[in-house]
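>
2 protein chains.
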Amino acid sequence: MTTATRNRWAEHALGKLQAAGYRRGGARTAVVEALSRHDCAVTALELDDELRRRKVGRASIYRALEQLEQLGLLRRLEASRGVASYERIEPGGEHHHHAICSQCGRMIPFEDASLERAIHAVSDRMSFDAAEHEVTIRGRCDRCA
Amino acid sequence: MTTATRNRWAEHALGKLQAAGYRRGGARTAVVEALSRHDCAVTALELDDELRRRKVGRASIYRALEQLEQLGLLRRLEASRGVASYERIEPGGEHHHHAICSQCGRMIPFEDASLERAIHAVSDRMSFDAAEHEVTIRGRCDRCA
DNA sequence: ATGACTGCAAAGCCTTTGCACGCAA
DNA sequence: TTGCGTGCAAAGGCTTTGCAGTCAT
Chain A
71 MTTATRNRWA
81 EHALGKLQAA
91 GYRRGGARTA
101 VVEALSRHDC
111 AVTALELDDE
121 LRRRKVGRAS
131 IYRALEQLEQ
141 LGLLRRLEAS
151 RGVASYERIE
161 PGGEHHHHAI
171 CSQCGRMIPF
181 EDASLERAIH
191 AVSDRMSFDA
201 AEHEVTIRGR
211 CDRCA
Chain B
71 MTTATRNRWA
81 EHALGKLQAA
91 GYRRGGARTA
101 VVEALSRHDC
111 AVTALELDDE
121 LRRRKVGRAS
131 IYRALEQLEQ
141 LGLLRRLEAS
151 RGVASYERIE
161 PGGEHHHHAI
171 CSQCGRMIPF
181 EDASLERAIH
191 AVSDRMSFDA
201 AEHEVTIRGR
211 CDRCA
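Keeping their order, the protein sequence lines are chains A and B. If you read the first sequence in the numbering used here, its first letter stands for residue 71, the second for the next number, and so on. If you read the second sequence in the numbering used here, its first letter stands for residue 71, the second for the next number, and so on.
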């Protein structure tokens with residue numbers, strides 16, 4: 071993941087927000103910038119920590135996350151029990167999935183072409199208009215084994 | 071999914087609970103029975119509806135679900151936003167995944183052998199001790215398209 | 001000037017915990 | 001008899017909503 075990729079997402083996101091009729095508010099822009107600094111899933115509360123000093127309210131963070139998700143710019147995941155986390159959706163389609171250690175909570179990203187192929191084949195076969203998909207593997211990581 | 075399969079799970083679950091040192095309480099048994107009647111994910115609140123007339127408290131349902139999950143008898147999923155749902159883990163290993171319609175919320179189960187193979191290959195390659203995995207496809211179902 | 005955007009505080013909702021009573025072993 | 005199991009009610013924790021002031025357009 072390069073800096074160029076992150077900026078590409080941020081520009082893409084800001085453009086799409088504008089196209090959707092949203093104004094360029096300070097809080098929302100701060101959320102987009104914060105998200106562009108993360109390469110894996112972040113929770114709303116983690117973003118709140120990062121943005122508190124910039125005087126961004128928690129409610130604005132949740133509102134921005136919801137809008138970004140609606141526009142297909144963010145993927146919402148359940149990281150730990152009952153906590154949502156968010157991850158950029160790259161305009162190019164590149165993405166990864168997660169292996170989560172049940173013991174230490176570590177989240178290990180991975181990608182696999184044949185897994186992607188299998189998923190696409192399934193959605194085609196079901197005549198389901200798939201927009202997103204997520205794969206989560208749970209178990210014990212090598213450090214905890 | 072046959073009645074025999076459901077009963078197999080219930081017996082398997084009750085046996086494993088006993089082996090883990092749990093007593094055969096009425097509420098827990100009621101939860102196991104209720105779960106054995108569902109072939110796809112159910113939420114705790116749905117179970118609560120079903121078990122209210124049997125005078126089972128909501129807290130007992132949540133407690134039973136957590137114990138069953140710990141023992142590897144149940145898989146916890148996030149169905150709708152912020153709501154957990156639970157699904158039996160069959161002793162035989164057979165299982166399905168879900169396509170969820172973002173518009174109507176319908177949950178369509180599916181299974182695919184090559185998808186399973188790809189997932190196993192990935193976890194082997196990562197030296198991650200995978201106990202469970204879940205695949206969720208999100209988009210628009212054929213009825214809503 | 002108009003109405004979207006924002007922060008703060010309050011409310012919501014699912015889930016967990018505390019506690020005293022009841023029941024399994 | 002012992003202490004796990006249970007129901008009820010209260011507390012928790014993340015997320016959403018209401019509202020009045022502020023800012024983008």
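The beta-carbon is built from N, C-alpha and C at its ideal position, and this holds for glycine as well. Keep in mind that this is a model prediction, so the values were computed, not measured.
Taking the alpha-carbon of A:Gly142 as reference, which of A:Trp79, A:His168, A:Cys211 has the nearest alpha-carbon?
A:Trp79
> Taking 8 Å as the CB-CB cut-off, is B:Gly209 touching chain A?
yes
> Which residue wins for smallest C-alpha separation from B:Pro179, given the options B:Glu202, B:Phe198, B:Ile207?
Scanning B:Glu202, B:Phe198, B:Ile207 for the CA closest to the CA of B:Pro179 turns up B:Ile207.
> What is the DSSP secondary structure of A:Tyr132, reduced to helix, strand or coil?
helix
> At a Cβ threshold of 8 Å, is B:Met196 touching chain A?
yes
> Could you please give me the residues that DSSP links to B:Cys171 through a beta bridge?
Within the DSSP bridge table, the entry for B:Cys171 names B:Gly209 as partners.
> Among the residues of its own chain, which have a CB less than 6 Å from the CB of A:Glu181, if the five just before and after it don't count?
Take A:Glu181, set aside five residues on each side of it, and the residues of its chain with a beta-carbon closer than 6 Å to its own are His166, in chain order.
> Leaving out the 5 sequence neighbours to the left and right, which residues in its chain are closer than 6 Å to A:Ala149 when beta-carbon positions are compared?
Ala111, Ser155
> Quick check on B:Ala149 - is its C-beta less than 8 Å from some C-beta in chain A?
no
> Within 10 angstroms of its Cβ, does A:Cys171 collect 16 or more other Cβ (buried), or is it exposed?
buried
> Measure the Cβ-Cβ separation of B:Arg133 and B:Glu139 and say whether it is below 8 Å.
Not in contact: B:Arg133 and B:Glu139 (Cβ atoms no closer than 8 Å).
> From the beta carbon of A:Glu164, is the nearest beta carbon of chain B less than 8 Å away?
no
> Residues of chain B with CB closer than 8 Å to the CB of A:His203, please, in chain order.
Val205, Thr206, Ile207, Arg208
> Does the distance from the CB of A:Leu135 to the CB of A:Val102 come in under 8 Å?
No, these two residues do not count as a Cβ contact at 8 Å.
> Tell me whether B:Arg145 sits in a helix, a strand or coil according to DSSP, three-state version.
strand
> Pick from B:Gly163, B:Gln137, B:Gly152, B:Arg195: whose alpha carbon is nearest that of B:Gly91?
When only C-alpha atoms are compared, the closest one is B:Gln137.
> Report the neighbours of B:Glu200 on chain A: residues whose CB is nearer than 9 Å to its CB, in chain order.
The sequence given here has Ala at residue 200 of chain B, not Glu. In chain order: Ala169, Ile207, Arg208, Gly209, Arg210.
> What is the residue span of the beta strand (DSSP E) that B:Ala111 lies within?
Looking at the DSSP string, B:Ala111 is not in any beta strand (DSSP E), and its letter there is neither H nor E.
> Just mark A:Arg158 as buried or exposed, buried being the case when its beta carbon has 16 or more other beta carbons within 10 Å.
The residue is buried, with at least 16 neighbouring Cβ atoms inside 10 Å.
> Anything in chain B within Cβ reach of A:Ala188, meaning under 7 Å, just list it in chain order.
Under the 7 Å cutoff, chain B gives Asp182, Ser184, Leu185, Ala188.
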